[in-house]
Amino acid sequence: PARTIIGARCLLPFGFAGCTLEMGPSGGTASSVAVVVPALNEELALPKTLAALAQQVPAPQQVVVADAGSEDGTAKVAAAAGATVVASRRGRAWQMNAGAAGAAQADVL
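For the sequence shown, the numbering used here begins at 847 and goes up steadily by one.
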């Protein structure tokens, strides 16, 4: 099936708390969405973001953390929370592309 990049509207400037999902033309539901979280040395901040994603109703099908070579425990924290961890070059575009490539068959946020 075709994968679609979708968007999110957030009430807060950072993180996923208070977000609503905008579905792309494939018409998927939030449960068919893979969320890509770019990260670099986010060991301390990542748990709050991942917890907020897990509380979405319905929850995303998959959370992919695109780690750009963190020197802390970012990858370990992400994996412990059940996220798929993919390695990436530094840079937001590289991370988003690596995360999308590592996502299961789902729409990508």
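The C-beta atom is built at its ideal place from N, Cα and C for all residues, glycine as well.
Bounding residues of the alpha helix (DSSP H) (the contiguous stretch that carries residue i)
i: residue 923; result: 920 to 926
i: residue 944; result: 938 to 948
Residue of the options minimising C-alpha distance to residue i
i: residue 878; options: 938, 935, 943, 909; result: 909
i: residue 928; options: 954, 940, 900; result: 900
Residues of its chain near residue i, where Cβ-Cβ distance is below 7 Å and the 5 sequence neighbours each way are ignored
i: residue 938; result: 884
i: residue 948; result: 910, 930, 932
i: residue 923; result: 889, 892, 893
i: residue 946; result: 882, 954
i: residue 941; result: 884, 912, 914, 934
The beta strand (DSSP E) enclosing residue i, as first and last residue numbers
i: residue 893; result: No beta strand (DSSP E) contains residue 893, which is instead part of the alpha helix (DSSP H) from 892 to 900.
Beta-carbon proximity list for residue i, same chain, < 6 Å, skipping 5 on both sides
i: residue 888; result: 920
i: residue 925; result: 931
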